[in-house]
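Engineer:
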Amino acid sequence: MPTHRVAIVGSGPAGFYTAGSLLDAADVDVRVDMYERLATPWGLVRAGVAPDHPKMKSVSAQFEQIAARPGFRFFGNVEFGSDVDRADLLAHYDSVVYAVGAQSERPLGIPGEQLPGSVASIDFVGWYNGHPDLTELPIALAADNAVVIGNGNVALDVARMLVLPRTELARTDVADHALDPLATSGIAEVSVVGRRGAAQAAFTIAELRELNHMPGLAVVVDRAEVPTGAGTDPAMSRGVRHNLDMLHGWAERGPEPDAHRRIIFRFLRSPVEIRGTDRVEEVVFAVNRLEADVEGRVRAVDTGERETLPTRLVVRATGYRGVALPGLPFDPARGVVPHEDGRITGCTREYVVGWIKRGPTGIIGTNKHDAHETVARLLTDLADSPAGARAAAPDEDTVLAWLSARRPDLITDADWQTIDSYERARGHAAGRPRIKVVSTAEHLRIARSR
Ligand code: NAP
């Protein structure tokens, strides 16, 4: 049986589903080395999924099973582009799959966006999840209100985290440096503001519904912004109807005297300026109306009317954006690497999967189907490539020797398991799933103390 050696760059869901699919391949023996910039695997499952969503995080058990399979190796603390590059990987593997996600924000492009107190959701989420690059992020939680821009599930995650009571937070794996500031923050009101209407919001019903179960929280919706009866319109998708039903229910609900925190949904408002002298003081919104274009897509059109919302904290949850990989083609308009069925356009042995392939959409499970497509292409290419058309990949020991010399601080799967056990043991003692270690130096110290 032929042996093929594949490098995967990135250890999030897309990377792991790709690894699993490769290891499942029939009639070929595929070996996978997974490269990760951080010392810890699982990408957004560790650094993106909200800490109060433990069920969603439990998908990591599937990744552990994949990592335990023969033929899989994890190489953490290795940065693609600086520690190893494209030529290195092509010289050491038959094929390379990039599963690097979408590593930057989708900017608003408005004045004041970079004022202190205005934070991209990618940073805020990384901060409360203990991403090592973001532990020092300055977050103005002394404010009494916050504005979250965007109507996606990340906007809901952020809004929820801002109002979650200590009793709830303390049961999660939220980073320790974020636990106290979030639990003691003065934020009593979070406005979640969308540029289009309630029917165009990107968030999903399961995430909306969760707000009903948060003690002490009132959800405020302006009745005029959710048209009556819209929830029963058969022309709308089921998801939209459910969203509208839920929003309508909140709009109809009277004042909630027991509530001490509020999430307010506002629609048809686009931020046009963030103002302040040294830091955020207010956000100026354009009031929009909706208009359908020739393709039927509903877009927001500025009416010229302006509204101002005073605040000291703005979280911009307007989506993520892929970043170009050194030496590889890139579509700057979409923030993705162009490909055919997963094989990078113009390349013979390089592939993409996940958000860098299709853009930042879908849920974790979406990456499974996506990985299957890329792996099918890769295996077909390997089967079709005439003998000798590609350099014979060096064996596993040779690769490990090369990589260890290049990166003495390499984190292997055994190292990660030591870190993982350490975090879980600390968490167990405190009644939490884990207490995260948030610095790479500390990850190395724990790994080397084995
Ligand atoms: P998203 O779903 O694409 O939502 C982005 C939001 O930002 C949209 O409401 C969009 O409005 C708005 N927006 C974009 N540019 C804007 C601008 N210039 N001004 C004002 N608003 C702007 O992105 P996301 O929330 O970051 O989520 C990314 C993916 O992860 C999604 O597939 C999401 O479902 C998934 N996710 C899932 C969960 C979960 O399952 N619990 C949790 C988190 C994330 P328009 O629609 O008008 O463009």
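Here the sequence shown is numbered in numbering that gives the first Met the number 0, starting from 0 and rising by one per residue. Idealized CB from N, CA, C, for every residue including glycine. Just so you know, these numbers come straight off a predicted model, no measurement behind them.
1) Asp-419 lies in the alpha helix (DSSP H); which residues open and close that run?
2) State the beta-bridge partners of Tyr-34 as determined by DSSP.
3) Please report the Cβ distance between Phe-79 and Arg-36, rounded to the nearest whole angstrom; I am assuming they are in contact, meaning their Cβ atoms lie under 8 Å.
4) Thinking C-alpha only, which one of Val-5, Ser-448, His-52 is nearest Leu-210?
5) Are three or more beta carbon pairs between the segment 368–387 and the segment 412–424 nearer than 8 Å?
6) Can you tell me which of Ser-269, Val-220, Thr-276 puts its alpha carbon nearest to the alpha carbon of Glu-255?
7) Using the C-alpha atoms, what's the distance from Val-351 back to Ser-117?
8) Under 8 Å: do the segment 105–117 and the segment 371–380 share three or more Cβ pairs, one atom per stretch?
9) State buried or exposed for Met-0, treating a residue as buried only when at least 16 other CB atoms are found within 10 Å of its CB.
10) Can you tell me which of the three DSSP states Tyr-319 falls into?
11) I need the DSSP call for Asn-150, collapsed to helix, strand or coil.
12) On the DSSP bridge assignment, give the partners of Ile-343 in chain order.
13) Would you mind reading off the limits of the alpha helix (DSSP H) that contains Asp-301?
14) Use the C-beta contact count for His-259: other C-beta atoms within 10 angstroms, 16 or more gives buried, fewer gives exposed.
15) Could you give the first and the last residue of the continuous alpha helix (DSSP H) run that contains Pro-137?
16) Let me know the alpha helix (DSSP H) ranges lying completely inside the segment 43–71, each 4 residues or longer, listed in chain order.
17) Count the other CB atoms, across all protein chains shown, that sit within 10 Å of the CB of Ser-6; report buried if there are 16 or more and exposed otherwise.
18) Identify the continuous beta strand (DSSP E) that holds Asn-287 and give its terminal residues.
19) Check the DSSP bridge columns for Ser-94 and list the partner residues they point to.
20) Following a CB-centred definition, is Ile-343 positioned closer than 6 Å to any heavy atom of ligand 1?
21) Just to confirm, does Gly-151 get its C-beta within under 6 Å of one of the non-hydrogen atoms of ligand 1?
22) Taking the straight line between their C-alpha atoms, what separation do you get for Arg-315 and Ile-362?
23) I need the straight-line Cα distance from Thr-439 to Gly-303, nearest angstrom please.
24) Using DSSP with H/G/I as helix, E/B as strand and the rest coil, what is Ile-434?
25) For the beta strand (DSSP E) that contains Leu-163, what are its first and last residues?
26) Would a C-beta distance cut-off of 7 Å place Val-322 and Pro-131 closer than the cut-off?
27) Mind reading off the beta-carbon distance from Asn-366 to Ala-13? Whole number of angstroms is fine, and I expect it under 8 Å.
28) The beta strand (DSSP E) that contains Ala-119, what's its start and end?
29) Which of helix, strand or coil does DSSP assign to Asn-144?
30) Among the candidates Ala-98, Arg-68, Gly-19, Leu-88, whose CA atom is the shortest distance from the CA of Leu-348?
31) Beta-carbon within less than 7 Å of Thr-344's beta-carbon, same chain only, minus the 5 sequence neighbours each way: which residues are those?
32) Go through its chain and collect everything with a Cβ distance to Ser-20's Cβ below 6 Å, but skip five positions before and after it.
33) Expressed to the nearest angstrom, what Euclidean distance is found between the alpha-carbon atoms of Leu-155 and Pro-106?
34) Going by alpha carbons, who is nearest to Ala-101 out of Arg-405, Pro-331, Arg-68?
35) Straight-line CA distance for Asp-122 to Val-27?
36) Please work out which residues of its chain come closer than 6 Å, Cβ to Cβ, to Pro-50, disregarding the five sequence neighbours upstream and downstream, and give them in chain order.
Structural biologist: The relevant details are as follows:
1) What you label residue 419 is simply residue 420 of the sequence shown in a count that begins at 1. For Asp-419, the enclosing alpha helix (DSSP H) starts and ends at 412–428.
2) Residue 34 sits at position 35 when you count from the first residue of the sequence shown. Bridge partners of Tyr-34: Val-8, Phe-74.
3) Locating residue 79 in the sequence shown gives position 80, counting from the first residue. Locating residue 36 in the sequence shown gives position 37, counting from the first residue. Correct: roughly 7 Å between the Cβ atoms.
4) Taking the first residue of the sequence shown as 1, we reach residue 210 at position 211. With distances taken between Cα atoms, Leu-210 lies closest to His-52.
5) no
6) Taking the sequence shown and counting its residues from 1, the one referred to as residue 255 is at position 256. Selected option, being the one with the closest Cα: Val-220.
7) The count along the sequence shown starts at 1 and reaches residue 117 at position 118. The count along the sequence shown starts at 1 and reaches residue 351 at position 352. Using only the alpha carbons, I get a separation of about 32 Å.
8) no
9) Locating residue 0 in the sequence shown gives position 1, counting from the first residue. It is exposed - the Cβ of Met-0 has fewer than 16 other Cβ atoms within 10 Å.
10) Residue 319 sits at position 320 when you count from the first residue of the sequence shown. Strand.
11) On the sequence shown, residue 150 is found 151 positions in, with the first residue counted as 1. Coil at Asn-150, not helix or strand.
12) Taking the first residue of the sequence shown as 1, we reach residue 343 at position 344. Ile-343 pairs with His-338.
13) Counting from one through the sequence shown, the residue named residue 301 turns up at place 302. It is not in any alpha helix (DSSP H) - Asp-301 instead sits in the beta strand (DSSP E) that spans 297–309.
14) To locate residue 259, count along the sequence shown from 1; it is residue 260. Burial call: exposed.
15) For the purposes of this step, residue 137 is taken as residue 138 along the sequence shown, with counting starting at 1. That residue, Pro-137, is in no alpha helix (DSSP H); it is neither H nor E in DSSP.
16) 43–46, 53–56, 59–66
17) Numbered from its first residue, the sequence shown carries residue 6 at position 7. The sequence given here has Ala at residue 6, not Ser. With 16 or more Cβ atoms within 10 Å of its Cβ, Ala-6 is classed as buried.
18) Position 288 of the sequence shown, counted from the start, is the residue given in the question as residue 287. That run of the beta strand (DSSP E) goes 281–291.
19) Along the sequence shown, read from residue 1 onward, the residue named residue 94 stands at position 95. According to DSSP, Ser-94 bridges with Val-5.
20) By one-based count along the sequence shown, residue 343 stands at place 344. Result no, Cβ not under 6 Å from ligand 1.
21) Counting from one through the sequence shown, the residue named residue 151 turns up at place 152. Yes, since a heavy atom of ligand 1 falls inside the 6 Å radius drawn around the Cβ of Gly-151.
22) Your numbering for residue 315 matches position 316 in the sequence shown. Your numbering for residue 362 matches position 363 in the sequence shown. Each residue's Cα considered, the two are about 20 Å apart.
23) On the sequence shown, residue 439 is found 440 positions in, with the first residue counted as 1. On the sequence shown, residue 303 is found 304 positions in, with the first residue counted as 1. So the alpha carbons of these two residues sit roughly 49 Å apart.
24) As a working note, residue 434 is residue 435 in the sequence shown. Ile-434 carries a coil assignment under DSSP once its states are collapsed to helix, strand and coil.
25) Taking the first residue of the sequence shown as position 1, residue 163 is located at position 164. Note, Leu-163: premise wrong, no beta strand (DSSP E); not H, not E.
26) Within the sequence shown, numbered from 1, the residue matching residue 322 stands at position 323. Within the sequence shown, numbered from 1, the residue matching residue 131 stands at position 132. Contact: no.
27) Locating residue 366 in the sequence shown gives position 367, where the first residue counts as 1. Locating residue 13 in the sequence shown gives position 14, where the first residue counts as 1. With a Cβ gap of about 4 Å, Asn-366 and Ala-13 count as contacting.
28) Within the sequence shown, the letter at position 120 stands for residue 119. That run of the beta strand (DSSP E) goes 117–119.
29) Position 145 of the sequence shown, counted from the start, is the residue given in the question as residue 144. The answer is strand: DSSP assigns Asn-144 an E or B state.
30) Numbered from 1 along the sequence shown, position 349 holds the residue referred to as residue 348. In the sequence as displayed, the identity of residue 348 is Arg instead of Leu. Comparing C-alpha distances from Arg-348 to each of Ala-98, Arg-68, Gly-19, Leu-88 shows the shortest one belongs to Leu-88.
31) The sequence position of residue 344 within the sequence shown is 345, counting from 1. Pro-328, Pro-337, His-338, listed in sequence order.
32) In the sequence shown, counting from the first residue as 1, residue 20 sits at position 21. Contacts found: Ala-370, His-371, Val-374.
33) Taking the sequence shown and counting its residues from 1, the one referred to as residue 155 is at position 156. Taking the sequence shown and counting its residues from 1, the one referred to as residue 106 is at position 107. Here the alpha carbon of Leu-155 sits roughly 18 Å from the alpha carbon of Pro-106.
34) As a first step, residue 101 must be located in the sequence shown, where it is residue number 102. Just measuring C-alpha positions, the residue of Arg-405, Pro-331, Arg-68 sitting nearest Ala-101 is Pro-331.
35) Mapped onto the sequence shown, residue 122 falls at position 123. Mapped onto the sequence shown, residue 27 falls at position 28. Computed Cα separation, rounded: 41 Å.
36) Within the sequence shown, the letter at position 51 stands for residue 50. Closer than 6 Å at the Cβ level, and outside the excluded window around Pro-50, lie Thr-171, Asp-172, Val-173.
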